[in-house]
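All remarks here apply to the structure that follows.
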Amino acid sequence: MTGAFELSMIPAVLPEIMLILLAVLVLVLDLVYRDRENSALGWITAIGLLVAAGLGVAFSRPASEPVLLFGGMLRQDWLTFTFRLIFMVGAALTALVGTEKSGKHLGEYYLLLIISTLGMSLMASSANLIMLYLAIETTSIPLYILAGFKVTDQKSVEAGIKYLLFGAMTSAVMLYGFSLLWGFSGTTSLYELADALKAGSAPPVLMGGLALLVLVGFGFKVSAAPLHFWAPDVYEGAPTPVAGFLSTASKAAGFAVLARVLLAVFPDSLPFWTVVIAVLATVSMILGNVLALVQRNIKRLLAYSSIAQAGYILVGVAAGNELGVTGVVYYLASYLVTNLAAFGIVWLVGRQVGSDDLDAYAGLGKRNPAVALAMLLALLSLGGVPPLSGFFGKLLVFGAAVQAGQFWLAFVGVITSVIGLYYYLTVMKIMYRPGTDEQPLPMTPAWRTALLACVAGMIFLGVAFAPWYGWATAAAGSLF
Amino acid sequence: MIPLSWYLIFAACLFCIGLFGVLARKNAVTILMGIELMLNAVNINLLAFWRYLWAPKADGQVFVAIVIVAAAAEAAVGLALIISAYRRRQTVNANEMDMLKG
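Order-wise, the sequence lines are chains A and B. Under my numbering, the first residue of the first sequence is numbered 50, with each subsequent residue one higher. Under my numbering, the first residue of the second sequence is numbered 247, with each subsequent residue one higher.
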């Protein structure tokens with residue numbers, strides 16, 4: 050355990066403090082201006098989140114050596130730094146996408162979004178089992194409510210229940226693993242666990258079993274097969290911006306803890322868990338891509354595509370080397386802007402046309418050429434076509450697999466990427482088919498801003514490789 | 247004194263009963279109860295380890311307190327969602343929640 054509280058620790062958690070203040074502000078504003086119809090709350094949430102991200106960049110930059118803070122509860126390193134940016138930008142874009150002028154309970158909606166982001170940010174930085182569990186629950190519980198947020202819509206409520214029951218079960222299994230980890234080592238610090246377990250001469254079989262128990266919880270968060278059952282149902286039922294948030298930021302939080310816990314707590318069983326992760330990655334890539342082929346609902350299609358994407362990202366984790374983790378961080382940032390753009394467009398079409406069927410997209414190319422072009426870019430980026438960001442993410446994770454000698458994993462990845470491109474192209478074909486309605490869809494300024502930011506991010510991460518790659522490398526370096 | 251392993255075996259049994267309940271039962275409230283059993287198995291594990299092996303440290307007790315709080319929050323959200331589903335469709339049966347599939 051490191052020392053007691055010092056005032057110098059405050060800047061390290063400045064973004065998190067900002068989030069709490071923002072949450073209170075949103076609640077108060079909602080209370081005061083309850084009866085007025087305006088979209089200010091969404092803008093305030095988004096700007097507040099961006100300010101928090103900016104504070105993180107300005108004041109919470111980690112030192113060259115990682116530091117443990119608050120009695121070893123949090124670790125300030127580049128992994129924390131990069132993932133915090135991913136979560137906060139993702140939440141800001143989500144807030145902008147879903148901004149509507151009318152509608153009740155908007156204050157609660159943004160509050161839950163902010164609290165869940167706070168939990169994710171703590172998840173990425175926690176260096177202690179207790180803190181980690183608390184952060185995971187702080188993330189999950191608001192997300193359960195958000196998934197079931199439209200109480201008048203039976204589908205949304207059903208999605209909430211399914212997400213909660215599955216999430217609570219997997220987190221209980223993971224917690225059982227945590228309890229045994231603590232019991233055999235006597236420490237809750239992630240960075241002391243490995244040595245304590247070695248000193249207690251825990252048998253390798255036990256370590257493998259514990260790694261599996263813990264993986265159940267993380268596998269659920271990243272929606273990797275075989276723990277993916279919830280994803281299509283929840284994405285279909287949940288409000289579309291929430292589905293986008295679940296598929297990007299929540300997944301990224303899962304990967305942050307997955308990489309940190311596996312590398313910090315189970316370094317000795319690395320040969321074992323790389324194989325387990327490689328199997329999960331293979332199953333996710335094949336299952337996600339093949340099942341996406343037969344979907345007729347765009348949200349379910351994107352859900353299966355997100356399972357496949359989780360598979361690609363797991364390839365980077367399975368490599369177990371620095372390049373792999375760099376690829377994971379790069380991929381997640383690129384996936385964030387890409388998938389949020391796709392879900393944003395699904396939200397727009399779903400709201401106006403009233404359907405999430407693929408056929409609802411017929412004629413979009415005529416109705417709103419700009420929106421169709423953005424969707425085209427998003428789908429191409431998801432498929433991994435250069436020069437968009439998705440290509441470099443894939444290049445890095447597959448490169449890491451080759452570097453680690455897992456050629457078959459890279460091979461499966463490339464083959465399934467081609468299958469993936471097929472169903473992305475199907476959606477594009479439908480968009481440019483003549484449709485029945487040629488009325489352009491109206492867009493809110495907030496939505497336009499969010500979409501522009503996403504497209505800019507996609508192109509920027511694809512063309513200007515260096516800045517984010519530098520941070521991703523630093524993040525990977527802080528784990529090894 | 248009862249040896250530590252008995253507590254651990256008891257907790258493992260309780261955990262399995264809870265897991266069985268989650269996987270086999272159809273009623274959403276019963277599934278939630280199964281999850282609570284699993285969490286209580288975790289608590290027994292933590293407290294037994296704490297009492298027998300690591301007694302003066304506070305970690306174990308803090309962990310248990312946090313698990314209890316998180317479990318309560320989860321149950322509250324779960325029951326609220328189940329009630330709002332019941333109001334629409336007059337059922338708490340997880341099998342009848344079949345609007346989302348494909």
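Idealized CB from N, CA, C, for every residue including glycine.
- Bridge partners of Asn339 of chain B according to DSSP: B:Asn273.
- Note that the stretch 316-329 of chain A does not touch the stretch 224-240 of chain A; fewer than 3 beta-carbon pairs, one per stretch, sit closer than 8 Å.
- Below 8 Å, enough C-beta pairs join the stretch 469-481 of chain A and the stretch 427-435 of chain A to call them touching: three or more.
- If you ignore the 5 residues before and after Gly139 of chain A, its C-beta comes within less than 7 Å of the C-beta of Phe294, Thr297, Ala298, Leu385 and Leu389, all in its own chain and listed in chain order.
- Considering only beta carbons, the part of the stretch 288-299 of chain B lying closer than 7 Å to chain A consists of Val288, Asn291, Leu292, Phe295 and Leu299, in chain order.
- Interface with chain B (9 Å Cβ-Cβ cutoff): Val402 of chain A is excluded.
- The beta carbon of Arg416 of chain A lies closer than 8 Å to those of Gly484, Asp486, Glu487, Gln488, Pro489 and Leu490 in the same chain, with the five residues before and after it left out.
- Asp202 of chain A has its alpha-carbon roughly 33 Å from the corresponding atom of Arg133 of chain A.
- The beta carbon of Leu276 of chain A sits closer than 6 Å to the beta carbons of Gly268 and Phe269 from its chain, once the five residues preceding and following it are set aside; these are given in chain order.
- DSSP places Gln125 of chain A in the strand class (E or B) of the three-state scheme.
- For Leu528 of chain A, there is no enclosing beta strand (DSSP E), as DSSP marks it with neither H nor E.
- Within the stretch 247-279 of chain A, not one residue has a Cβ closer than 7 Å to any Cβ of chain B.
- In this structure, Asp405 of chain A and Gly399 of chain A form a Cβ contact; the two beta carbons are roughly 5 Å apart against a cut-off of 8 Å.
- Neighbourhood of Ile312 of chain B in chain A, by CB distance below 8 Å: Ile179, Tyr182 and Leu183, in chain order.
- DSSP places Leu295 of chain A outside any beta strand (DSSP E), giving it a letter other than H or E.
- With a 10 Å radius around the Cβ and a threshold of 16 neighbouring Cβ atoms, Ile248 of chain B comes out exposed.
- In chain order, Ile210 and Leu214 make up the part of chain A whose C-beta sits under 8 Å from the C-beta of Ala274 of chain B.
- Between Ile362 of chain A and Leu340 of chain A, the C-beta spacing is not below 9 Å.
- Taking a beta-carbon distance threshold of 9 Å, Glu114 of chain A does not count as an interface residue toward chain B.
- Asn289 of chain B carries a helical assignment under DSSP once its states are collapsed to helix, strand and coil.
- For Leu117 of chain A, the three-state secondary structure derived from DSSP is strand.
- Taking C-beta separations shorter than 7 Å and ignoring five residues to either side along the sequence, the partners of Val310 of chain B in its chain run Asn289, Leu292 and Leu293, following chain order.
- Taking a contact to require three or more Cβ pairs closer than 8 Å, the stretch 100-109 of chain A and the stretch 180-196 of chain A do not qualify as touching.
- At least one CB atom of chain A sits nearer than 9 Å to the CB of Met284 of chain B.
- Of the residues A:Ala502, A:Ala217, A:Tyr379 and A:Val283, the one whose Cα lies closest to the Cα of Leu350 of chain A is A:Val283.
- For Pro64 of chain A, the number of other beta carbons within 10 angstroms of its own is at least 16, and it is reported as buried.
- In the same chain as Val328 of chain A, and ignoring 5 residues on each side of it, no C-beta atom comes closer than 7 Å to its own.
- Boundaries of the alpha helix (DSSP H) harbouring Arg497 of chain A: Pro494 to Val512, taken from the DSSP string.
- The beta carbon of Ser383 of chain A lies closer than 6 Å to those of Ser438, Gly439, Gly442 and Leu510 in the same chain, with the five residues before and after it left out.
- Within a 10 Å sphere around the beta-carbon of Cys262 of chain B sit fewer than 16 other beta-carbons, which makes this residue exposed.
- Contact annotation: Ala331 of chain B and Val206 of chain A have beta-carbon atoms nearer than 9 Å.
- A contact between stretches requires three or more CB pairs, one per stretch, nearer than 8 Å, and the stretch 139-149 of chain A fails this requirement with the stretch 185-200 of chain A.
- 9 Å or more divides the Cβ of Ile347 of chain A from the Cβ of Val420 of chain A.
- Annotated three-state conformation of Ser404 of chain A is coil, per DSSP.
- Val314 of chain A places its beta carbon less than 9 Å from that of Leu230 of chain A.
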